[in-house]
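First residue of the sequence shown: 511, per our numbering; consecutive thereafter.
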Amino acid sequence: MRGHLNHLRALRRRTLAAPEDPGLRAALEDAAYTLCVLMGQRNAHGALLAAEERVAAHRLPPCAAPGGPA
Numbered sequence: 511m512r513g514h515l516n517h518l519r520a521l522r523r524r525t526l527a528a529p530e531d532p533g534l535r536a537a538l539e540d541a542a543y544t545l546c547v548l549m550g551q552r553n554a555h556g557a558l559l560a561a562e563e564r565v566a567a568h569r570l571p572p573c574a575a576p577g578g579p580a
């Protein structure tokens with residue numbers, strides 16, 4: 511998931527730098543669509559937010575077991 515997010519962000523930067531490039535626009539649309547499918551979202555913005563939340567949640571340390579050391 512993290513790799514796909516990084517790829518999508520890189521495509522967004524490249525597309526903003528060269529908006530007239532139809533190949534870049536198509537690649538960005540493909541990456542956004544794939545993220546929508548992966549995240550079960552209907553739009554790219556919602557899919558991006560959901561994916562970022564999922565990646566961030568995996569960075570958190572595991573919770574301590576109840577009654578165990580904190």
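For glycine and all other residues, C-beta sits at the position ideal for the given N, C-alpha and C. From a predicted model like this one, the values you see are computed outputs, not experimental measurements.
| query | For N553, which of helix, strand or coil comes out of DSSP? | reply | Within the sequence shown, residue 553 is the residue found at index 43, counting from 1. The answer is coil: DSSP assigns N553 none of H, G, I, E or B.
| query | If you draw a straight line from the C-alpha of E530 to the C-alpha of R524, how long is it? | reply | By one-based count along the sequence shown, residue 530 stands at place 20. By one-based count along the sequence shown, residue 524 stands at place 14. It is roughly 11 Å from the alpha-carbon of E530 to the alpha-carbon of R524.
| Beta-carbon spacing of L538, R522 below 9 Å | Locating residue 538 in the sequence shown gives position 28, where the first residue counts as 1. Locating residue 522 in the sequence shown gives position 12, where the first residue counts as 1. In contact: L538 and R522 (Cβ atoms closer than 9 Å).
| query | When the distance is taken between beta carbons, is A541 closer than 9 Å to L559? | reply | If you number the sequence shown from 1, residue 559 lands on position 49. If you number the sequence shown from 1, residue 541 lands on position 31. No, Cβ-Cβ distance for L559 and A541 is not below 9 Å.
| Rounded to the nearest angstrom, how far is the Cβ of L545 from that of A557, given a contact under 8 Å? | For the purposes of this step, residue 545 is taken as residue 35 along the sequence shown, with counting starting at 1. For the purposes of this step, residue 557 is taken as residue 47 along the sequence shown, with counting starting at 1. 4 Å between Cβ atoms; contact.
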